[in-house]
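In our numbering, the protein residues as written are 3 to 161.
Backbone N, C-alpha and C define an ideal beta-carbon position, used for all residues, glycine too.
Predicted, not measured: the structure shown is a model, and the values here were computed from it.
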């Protein structure tokens with residue numbers, strides 16, 4: 003893709019997000035777009051394959067679904083008359099199969115952005131991600147859900 007077209011596109015996205023289409027704001031957006039293009043020039047030079055684009059879309063769809071389901075679960079917990087009785091907080095060690103910094107960071111952020119869960123720490127040997135959950139019923143089921151959901155999709159994106 004043409005870099006100048008990318009910068010113009012990023013400048014317009016910047017203006018749309020900020021809600022300000024003044025010339026100085028668009029110029030600022032172009033500057034941010036130029037900086038982004040310079041920092042990501044190696045990644046932008048490679049064409050995005052259709053298969054990888056599908057895997058990224060599948061990860062995004064899974065995240066949106068999990069976001070919705072988790073938000074409803076947390077809302078139901080909060081709306082119960084006895085909040086203390088409905089909470090079962092716990093910290094679990096989730097065994098990692100992803101190994102690169104990018105994969106671990108993406109997985110940890112997806113978990114943190116999902117209501118009711120929070121990535122707390124990573125083991126020194128990078129074998130486990132410690133996750134705080136608001137309501138834990140079955141540790142093995144939670145590990146299976148994360149491994150079969152977010153972690154599997156993250157691995158697929160970076161294959």
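The C-beta of residue 108 has 16 or more other C-beta atoms within 10 Å across all chains shown, which makes the residue buried.
Burial state of residue 119 is buried, judged by a 10 Å Cβ sphere holding 16 or more other Cβ atoms.
Short of 6 Å from the beta carbon of residue 105, and not among the five residues preceding or following it, lie these beta carbons of its own chain, in chain order: 156 and 160.
Nearest C-alpha to residue 41 among 144, 5 and 68: 5.
Going by beta carbons, residue 101 and residue 128 fall inside the 8 Å limit. Here residue 61 has 155 and 159 as same chain residues with Cβ atoms under 6 Å from its own Cβ, once five neighbours each way along the sequence are excluded. As the crow flies, the alpha-carbon of residue 35 is around 34 Å from that of residue 99. Assigned with DSSP and collapsed to three states, residue 91 falls in coil, not helix or strand.
Cβ-Cβ separation between residue 17 and residue 27: approximately 6 Å, consistent with a contact (criterion under 8 Å). Here residue 97 is bridged, per DSSP, to 130. Taken through DSSP and simplified to helix, strand or coil, residue 140 comes out as coil. Membership of residue 102 in any beta strand (DSSP E) is not indicated, and neither H nor E is assigned to it by DSSP. Following the DSSP letters along the chain, one finds residue 121 inside the beta strand (DSSP E) bounded by residues 119-124. Nearest Cα to residue 19 within the set 9, 31, 77 and 10: 31.
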